[in-house]
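Asks:
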Amino acid sequence: MAAGDTATVPGTPQSLARSRPRYGEMAIKAVLMLAALVSIATTVGIVISLLEPTIRFFGEVSAVEFFTSTNWGPLFEPPHYGVLPLVSATLITTAIAIVVAVPLGLASAIYLSEYAKPRVRKFFKPVLEVLAGIPTVVFGFFALSFVTPLLRDVLPFEIEIFNALSAGLVVGFMIIPIVASLSEDAMSSVPNSLREGSFALGASRMVTSLRVVLPAAFSGIVAAVILAISRAAGETLIVYIAGGGQPNFTLDLGMAMQTMAAFIAAAGSGDVPVGTVDYDTIFAVGALLFVMTFAMNYVSARLVRKYREVYE
Amino acid sequence: MAVLSTPRSAVQLASQGRPVKEILFRTLLLASLALALIFLVTLLVFVLTQGWPRLDARLWENMPSIRNPEIAGAQSAIMGTLWVISLTAVFTLPTGIAAAIYLEEYADRTRWYNRVIELNIQNLAGIPSIVYGILGLGIIARTIGLGFSVITASITLGLLVLPIVIIASREAIRAVPPSIREGSLALGATQWQTIYRQVLPASVPGIATGSILALSRAIGEAAPLIMLGAVSFIRFNPDGIFASYTVLPIQIFNWISQSREGFHILAAAAIVILLVILLLMNSIAIWLRNRYQKRW
Numbered sequence: 001m002a003a004g005d006t007a008t009v010p011g012t013p014q015s016l017a018r019s020r021p022r023y024g025e026m027a028i029k030a031v032l033m034l035a036a037l038v039s040i041a042t043t044v045g046i047v048i049s050l051l052e053p054t055i056r057f058f059g060e061v062s063a064v065e066f067f068t069s070t071n072w073g074p075l076f077e078p079p080h081y082g083v084l085p086l087v088s089a090t091l092i093t094t095a096i097a098i099v100v101a102v103p104l105g106l107a108s109a110i111y112l113s114e115y116a117k118p119r120v121r122k123f124f125k126p127v128l129e130v131l132a133g134i135p136t137v138v139f140g141f142f143a144l145s146f147v148t149p150l151l152r153d154v155l156p157f158e159i160e161i162f163n164a165l166s167a168g169l170v171v172g173f174m175i176i177p178i179v180a181s182l183s184e185d186a187m188s189s190v191p192n193s194l195r196e197g198s199f200a201l202g203a204s205r206m207v208t209s210l211r212v213v214l215p216a217a218f219s220g221i222v223a224a225v226i227l228a229i230s231r232a233a234g235e236t237l238i239v240y241i242a243g244g245g246q247p248n249f250t251l252d253l254g255m256a257m258q259t260m261a262a263f264i265a266a267a268g269s270g271d272v273p274v275g276t277v278d279y280d281t282i283f284a285v286g287a288l289l290f291v292m293t294f295a296m297n298y299v300s301a302r303l304v305r306k307y308r309e310v311y312e
Numbered sequence: 001m002a003v004l005s006t007p008r009s010a011v012q013l014a015s016q017g018r019p020v021k022e023i024l025f026r027t028l029l030l031a032s033l034a035l036a037l038i039f040l041v042t043l044l045v046f047v048l049t050q051g052w053p054r055l056d057a058r059l060w061e062n063m064p065s066i067r068n069p070e071i072a073g074a075q076s077a078i079m080g081t082l083w084v085i086s087l088t089a090v091f092t093l094p095t096g097i098a099a100a101i102y103l104e105e106y107a108d109r110t111r112w113y114n115r116v117i118e119l120n121i122q123n124l125a126g127i128p129s130i131v132y133g134i135l136g137l138g139i140i141a142r143t144i145g146l147g148f149s150v151i152t153a154s155i156t157l158g159l160l161v162l163p164i165v166i167i168a169s170r171e172a173i174r175a176v177p178p179s180i181r182e183g184s185l186a187l188g189a190t191q192w193q194t195i196y197r198q199v200l201p202a203s204v205p206g207i208a209t210g211s212i213l214a215l216s217r218a219i220g221e222a223a224p225l226i227m228l229g230a231v232s233f234i235r236f237n238p239d240g241i242f243a244s245y246t247v248l249p250i251q252i253f254n255w256i257s258q259s260r261e262g263f264h265i266l267a268a269a270a271i272v273i274l275l276v277i278l279l280l281m282n283s284i285a286i287w288l289r290n291r292y293q294k295r296w
């Protein structure tokens with residue numbers, strides 16, 4: 001960075017800026033910038049820690065087997081390295097979660113933003129925040145010892161003790177606050193003139209909510225949903241505790257499944273010797289999960305920026 | 001009873017014989033919110049009734065045991081949580097607040113590197129916590145060589161919640177109006193003097209709220225610590241930053257994985273303790289926000 005611009009306080013007219021640099025001030029700025037760079041270092045650290053073992057892994061295992069085989073058993077003899085069962089389990093639990101969270105979260109958001117009185121909103125928003133503050137290990141316990149037995153009693157078909165359905169449902173409830181609070185933000189920032197215009201044309205509140213406010217806040221809502229998807233895909237403990245540890249390649253929601261995150265946790269907590277292919281497997285799956293969620297976050301961040309430019 | 005807050009005649013004009021649809025829609029919305037709340041209440045009631053028989057002093061006076069759920073407690077996990085969370089605060093709060101000051105007060109947003117930092121922080125906030133476990137395992141525990149210790153766990157959790165601290169602190173700093181800064185600068189204060197004596201004191205409540213929420217997230221977070229050696233039963237309290245450790249969520253996870261019923265009751269009791277701590281922290285944060293939030 002040029003030395004000239006450090007002496008210029010942003011927003012200060014050039015003529016008022018000091019001509020002699022203050023070294024103490026510059027040092028403080030440098031220290032503060034260093035703190036901001038910690039976040040960059042974190043990303044670099046994550047990439048480095050994933051990259052090297054992943055490259056080693058693909059030196060031993062063919063990428064074709066990894067991405068096309070439906071047989072996952074890296075710790076078996078002989079080992080199988082088809083990642084598809086983990087990916088499909090991740091997609092299935094995420095899909096269940098989204099089916100739960102998007103309608104419920106969006107409806108809650110519409111209610112809070114368009115219908116609720118300020119006093120009611122002031123009560124419900126913190127309550128939703130409480131839901132967001134519950135640790136996932138607690139959700140996992142609840143899924144395993146309350147939701148699963150309940151489902152086994154209620155459902156007409158058999159499900160296993162560990163199953164994708166109950167894990168996905170509980171992940172869905174966990175991410176409701178993300179969908180609700182971000183969508184509510186997006187909807188509240190739609191200017192009132194749009195609503196008033198709609199009312200003036202004779203539209204009811206429902207029509208105004210669905211046909212005016214919802215489309216106007218659409219990109220913000222999409223960003224919220226994408227963020228929720230990435231949270232659900234990366235969620236570990238609920239799917240580890242309630243979903244079980246068997247990598248099944250199936251669409252049967254009543255069966256145990258192992259997601260990518262659950263595999264990483266399961267393998268990472270075991271005593272896998274460093275330097276073996278088994279150890280590198282953890283990182284290869286981690287890299288895949290990282291790339292998937294990173295891509296989604298990137299799209300979401302872009303959407304939020306784009307939507308912010310609409311009404312300022 | 002009018003369905004909407006707009007005058008009744010206006011509603012009738014607007015909906016032309018469709019109030020039934022309106023009522024249905026509104027009921028549907030309320031039902032959705034209610035379902036989320038029922039889930040929350042059910043969860044709380046369930047853990048409380050499950051854990052009730054074991055909610056006594058044994059829980060914090062005794063050490064964990066693999067054999068006997070009757071005498072097992074969670075003292076080492078509670079102490080471990082205190083150790084890990086204090087160190088996390090020491091590491092993440094100064095870094096996060098400093099980064100927020102840089103981004104809000106110094107960073108020139110037209111520069112590419114500052115935009116990269118901003119986008120990067122947004123992305124970090126959405127990376128799965130288990131991936132931070134991989135970072136802790138690969139870089140902090142192995143490459144730097146801090147091993148499976150309290151300090152590794154603290155740094156990993158610190159990095160995990162750093163984006164939350166930065167984002168919340170930035171919002172608090174941004175809420176301080178420019179006129180305060182301009183007044184200070186006009187009186188001849190340097191930029192750092194302005195920040196340190198005017199902007200920071202004014203934004204303390206917002207920063208504190210964000211910090212408490214970030215730390216309460218860190219207390220509940222277990223996934224990365226599973227990768228970082230916090231899984232085995234630890235029968236002693238940590239005695240330093242390089243000591244082995246366990247924390248409450250991990251101890252709970254351990255007990256859930258046991259097959260015997262007694263351990264599940266124990267897990268529920270420990271969950272109640274964890275939730276009480278977290279609800280207390282979140283309530284303080286929300287209270288701080290409502291009590292000290294200045295309207296300029």
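First to last, the protein sequences are chains A and B. So the first sequence is residues 1 to 312, counted in the UniProt record's numbering. So the second sequence is residues 1 to 296, counted in the UniProt record's numbering. No residue lacks a Cβ here, since even glycine has one placed at the ideal position from N, Cα and C. None of these values were measured; they are calculated from a predicted model.
(1) To the nearest angstrom, how far is the alpha carbon of A/F141 from that of A/A242?
(2) Assuming A/L289 and A/M260 form a contact by the criterion Cβ under 8 Å, report the distance between their Cβ atoms to the nearest whole angstrom.
(3) Is it right to say A/D280 is buried, meaning 16 or more other beta carbons lie within 10 angstroms of its own, or is it exposed?
(4) Taking A/G222 as part of the alpha helix (DSSP H), name the residues at either end of that continuous run.
(5) Would a check of beta-carbon distances place B/T95 closer than 9 Å to chain A?
(6) When DSSP labels each residue in this structure, what does A/G244 get in the three-state scheme?
(7) Could you name the residues that DSSP lists as bridge partners for A/W72?
(8) Pull out every residue of the region 123-134 of chain B whose Cβ sits closer than 9 Å to any Cβ of chain A, in chain order.
(9) Any idea what DSSP makes of B/A89, helix, strand or coil?
(10) If we define contact as Cβ-Cβ less than 9 Å, is A/A256 a contact residue for chain B?
(11) Which of the three DSSP states, helix, strand or coil, is assigned to A/P118?
(12) Hey, out of B/G188, B/R115, B/G158, whose CA is closest to A/R302's CA?
(13) Compare the beta carbon distance of B/E61 and B/G80 with 9 Å and say whether it is the shorter of the two.
(14) Could you tell me how far apart the beta carbons of B/I219 and B/L278 are, in whole angstroms, since I believe they sit closer than 8 Å?
(15) List, in chain order, every chain A residue whose beta-carbon is nearer than 7 Å to that of residue 305 of chain B.
(16) Leaving out five residues before and five after B/P238 in sequence, what residues of the same chain have Cβ atoms less than 6 Å from its Cβ?
(17) In whole angstroms, what separates the C-alpha of B/T95 from that of A/D153?
(18) According to DSSP, simplified to helix, strand and coil, what is A/D252?
(19) Examine chain A for any beta-carbon lying closer than 9 Å to the beta-carbon of B/V11, and answer yes or no.
(20) Residues of chain A with CB under 8 Å from B/V220, in chain order?
(21) Could you check if A/T93 belongs to the surroundings of the ligand SAM, using beta carbon to heavy atom distance under 8 Å?
(22) So B/E104 contacts chain A; which residues on that side make the cut at Cβ distance below 7 Å?
(23) Buried or exposed for residue 313 of chain A, going by 16 or more other Cβ atoms inside 10 Å?
(24) Is it a yes or a no for the region 192-206 of chain B touching the region 138-149 of chain B, going by three-plus beta-carbon pairs under 8 Å?
(25) In chain B, what lies closer than 7 Å to A/N163 by C-beta?
(26) Going straight from the alpha carbon of A/I134 to that of B/L275, what length do you get?
(27) Does B/T190 come out as helix, strand or coil in the three-state DSSP assignment?
(28) Quick one: grab the DSSP three-state call for B/T152.
(29) Counting pairs of beta carbons, one from the region 65-74 of chain A and one from the region 189-199 of chain A, are three or more of them closer than 8 Å?
(30) For B/S169 versus B/G210, is the C-beta distance shorter than 9 Å?
(31) Take every Cβ of the region 158-166 of chain B, pair it with every Cβ of the region 246-258 of chain B, and state whether three or more of those distances are shorter than 8 Å.
(32) Helix, strand or coil for B/A107 per DSSP?
(33) Report yes or no: do three or more beta-carbon pairs, one from the region 82-101 of chain A and one from the region 223-232 of chain A, lie closer than 8 Å?
Replies: According to the structure shown:
(1) 8 Å
(2) 5 Å
(3) buried
(4) In the sequence as displayed, the identity of residue 222 of chain A is Val instead of Gly. 218-234 is the span of the alpha helix (DSSP H), which, as asked, contains A/V222.
(5) yes
(6) coil
(7) A/Y81
(8) N123, L124, A125, G126, I127, P128, S129, I130, V131, Y132, G133, I134
(9) helix
(10) no
(11) helix
(12) B/R115
(13) no
(14) 6 Å
(15) Nothing can be reported for residue 305 of chain B, as the shown portion of chain B is limited to 1 through 296.
(16) G80, W83, V150, Y245
(17) 51 Å
(18) coil
(19) Note that B/V11 scores a pLDDT of 48, beneath 50, so its modelled location is shaky and nothing firm can be said.
(20) According to the sequence shown, residue 220 of chain B is Gly rather than Val. Ordered by position in chain A, the residues that pass the 8 Å Cβ test against B/G220 are G133, I134, P135, T136, V137, V138.
(21) For the structure depicted, the ligand SAM is absent and the ligand set is empty, with no information on it obtainable.
(22) Those do not exist, as B/E104 stays about 10 Å from chain A at its closest Cβ, beyond 7 Å.
(23) This structure gives no information on residue 313 of chain A, because the portion of chain A shown stretches from 1 to 312.
(24) no
(25) Correct list: empty, because the minimum Cβ distance to chain B is about 16 Å.
(26) 7 Å
(27) coil
(28) helix
(29) no
(30) yes
(31) no
(32) coil
(33) yes
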